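If you read the sequence shown in numbering that gives the first Met the number 0, its first letter stands for residue 0, the second for the next number, and so on. Ideal Cβ placement from N, Cα and C applies to all residues, glycine included. Remember, it's a predicted structure, so these values are computed and weren't measured experimentally.
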Amino acid sequence: MFTQSELNALLLSLRVAACAVALVVPPGVFIAWLLAKSKMRGKSLLDTLVSLPLVLPPVVTGYLLLVLISRNGPLGQLVQDTLGCQLRIVFTWYAAVIASAIVSFPLFVRAVTVALGAVDPRLENAARSLGAGRFRTFFTITLPLARRGLIAGLVLAFARSLGEFGATIIVAGNIPGVTQTMPLAVFSLYQTGRDDIAWRLIAVATVIAFAALLVVWWLTKRSEKKDGANQPI
0 MFTQSELNAL LLSLRVAACA VALVVPPGVF IAWLLAKSKM RGKSLLDTLV
50 SLPLVLPPVV TGYLLLVLIS RNGPLGQLVQ DTLGCQLRIV FTWYAAVIAS
100 AIVSFPLFVR AVTVALGAVD PRLENAARSL GAGRFRTFFT ITLPLARRGL
150 IAGLVLAFAR SLGEFGATII VAGNIPGVTQ TMPLAVFSLY QTGRDDIAWR
200 LIAVATVIAF AALLVVWWLT KRSEKKDGAN QPI
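So this is what it looks like as structure tokens:
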């Protein structure tokens, strides 16, 4: 059904999306906790910085990444100095992972922030009063109670990473078999007039996006029903 180039693009997209989600989770959960539970100053500024990739044109995001992680860029130079060797990130699939992680990060953080904010602080305080430390309370009480929001964030981040185009084409290029993800393959097929093949990939992308939104809707409804059932009469 699919040609080898289409399969390569699909498999690369799945690998990039999975790696991007793995990259997003640790800092995303931490920042979501800061926004939802901490009393730190400047939370509005932090929230604005996190949300910036949602409103910036993806091409601008890609260009900024290109400047930062190129060999002569500040982050690229720092990595080379730290490892003591020449490391090429730009125009590799690693760059596609970074681009996807950046653009999907706000969606993950927003979903987890809402979920963590909905956890009853009385349960956390009860755990602390029984001798549980801050970290133990978070991992045994807060995070399990926010699991639906966490899963929703993971699904949204994965789906957004699969659909990333603008930043990826700038920082990773459109190299078949190397950095050509599914959206880039659709773009190339459209440019060369092979619309019939492009529609197959478009159908796959649409099904994945629809399934992701359906999962998020289901998790949201489950959370609403549970919260309603827990309300005192």
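Item, Value
"Straight-line gap, residue 185 to residue 194 (C-alpha atoms, nearest Å)", "8 Å"
"Exposed unless 16 or more other CB atoms sit within 10 angstroms - verdict on residue 87", "exposed"
"Residue 133 to residue 52 span [Cα, whole Å]", "31 Å"
"Buried versus exposed call for residue 190 [16 or more other C-beta atoms within 10 Å across all chains shown]", "exposed"
"Cβ pair residue 117, residue 170 closer than 7 Å", "no"
"The stretch 66-76 / the stretch 147-154 touching (three or more Cβ pairs under 8 Å)", "no"
"DSSP-derived helix/strand/coil call for residue 231", "The predicted position of residue 231 is uncertain, since its pLDDT is 44 and thus under 50; a value taken from the coordinates is nonetheless stated next. Looking at residue 231 - three-state DSSP - the assignment turns out to be coil, as it is neither helix nor strand."
"Residue 18 versus residue 96: straight-line alpha-carbon distance, rounded", "6 Å"
"Test item: CB-CB of residue 35 and residue 115 under 7 Å", "yes"
"Reference residue 156, options 12, 8, 23, closest by Cα", "23"
"Chain-order list of residues whose beta-carbon lies under 7 Å from that of residue 140 (same chain, five-residue window excluded)", "122, 123, 126"
"Given residue 89 as reference, the closest of 27, 81, 67 once Cα atoms are compared", "67"
"Through-space distance from residue 159 to residue 4, alpha-carbon basis", "22 Å"
"Reduced DSSP category for residue 112 - H, G, I as helix; E, B as strand; rest coil", "helix"
"Own chain residues within Cβ distance below 6 Å of residue 196, not counting five before or after", "188"
"Where residue 128 falls, given that 16 or more other Cβ within 10 Å makes a residue buried", "exposed"
"Length of the line joining the Cα atoms of residue 163 and residue 130", "45 Å"
"Option in 205, 210, 166, 207 with minimal Cα separation from residue 58", "166"
"Residue 87 in three-state terms, based on DSSP", "coil"
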